[in-house]
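Here's the structure, in structure tokens; my notes come after.
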Amino acid sequence: MGLLVTCLSCANNERIDELPPRELVGADALWRTSHAFDTDLPGWMILVPRRHVTAIHDLTDEEAAALGSWQVRLSRALRAVTGCAKTYVVQFAEQEGFEHVHFHVVPRMPDQPDELRSYRIFGRLGVPPERALSEAGRDALALRLREHLG
Numbered sequence: 187m188g189l190l191v192t193c194l195s196c197a198n199n200e201r202i203d204e205l206p207p208r209e210l211v212g213a214d215a216l217w218r219t220s221h222a223f224d225t226d227l228p229g230w231m232i233l234v235p236r237r238h239v240t241a242i243h244d245l246t247d248e249e250a251a252a253l254g255s256w257q258v259r260l261s262r263a264l265r266a267v268t269g270c271a272k273t274y275v276v277q278f279a280e281q282e283g284f285e286h287v288h289f290h291v292v293p294r295m296p297d298q299p300d301e302l303r304s305y306r307i308f309g310r311l312g313v314p315p316e317r318a319l320s321e322a323g324r325d326a327l328a329l330r331l332r333e334h335l336g
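Each residue of the sequence shown is one higher than the one before, starting from 187 at the first, in our numbering.
Take a look at the structure:
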């Protein structure tokens, strides 16, 4: 995949056996899920196809069928671990360097303020490094989520 070296998702998929828990919360032959790195919200998950694809319409039928199962499984695991009231599922794949299709599966907490509900939840992504969850914190949460993913 030499042409895709700038794709973070592909780079991580290529070294899946070496990834820390935060980058490999769960995976199968088609999908991998990880914890977002630039958030202060515990449980902000990223779900990526294992092959490089830049548009949802380019998913195979098999990838599309597995996608729904992953979204529900992640939502259930997030509810069990974080106590969230529901999850948001969002997909853009527009930012430079992040064009690889990926789904944000984001916990919406019961006490979440109105100003951080719906699309405004993205105020919790892209935070400065000093505000972002630590690698150790993301690893610990990833291991708890793994238990619920089966």
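Glycine included, every Cβ here is placed at the ideal spot set by N, Cα and C.
Tell me the rounded alpha-carbon separation between residue i and residue j.
i	j	result
ARG236	ARG265	25 Å
ALA222	ALA271	20 Å
ALA215	PRO228	26 Å
LEU350	PRO293	No answer is possible for residue 350: it lies beyond the span of the chain, which begins at 187 and ends at 336.
ALA279	ARG218	16 Å
GLY309	LEU302	7 Å
VAL234	SER304	22 Å
ARG262	HIS334	8 Å
HIS286	GLU200	14 Å
CYS196	HIS238	6 Å
ARG317	TYR274	22 Å
GLY323	ASP224	13 Å
VAL267	ARG330	7 Å
GLU209	SER220	4 Å
Going by the DSSP bridge assignment, what does residue i pair with across the sheet?
i	result
PHE289	LEU233 and GLN277
THR225	LEU311
SER220	ILE232
ARG294	LYS272
What residue range does the alpha helix (DSSP H) around residue i cover?
i	result
ARG265	247–268
HIS243	Unbroken run through HIS243: none, as it is neither H nor E.
ALA322	321–335
GLU209	Note, GLU209: premise wrong, no alpha helix (DSSP H); not H, not E.
LEU194	194–200
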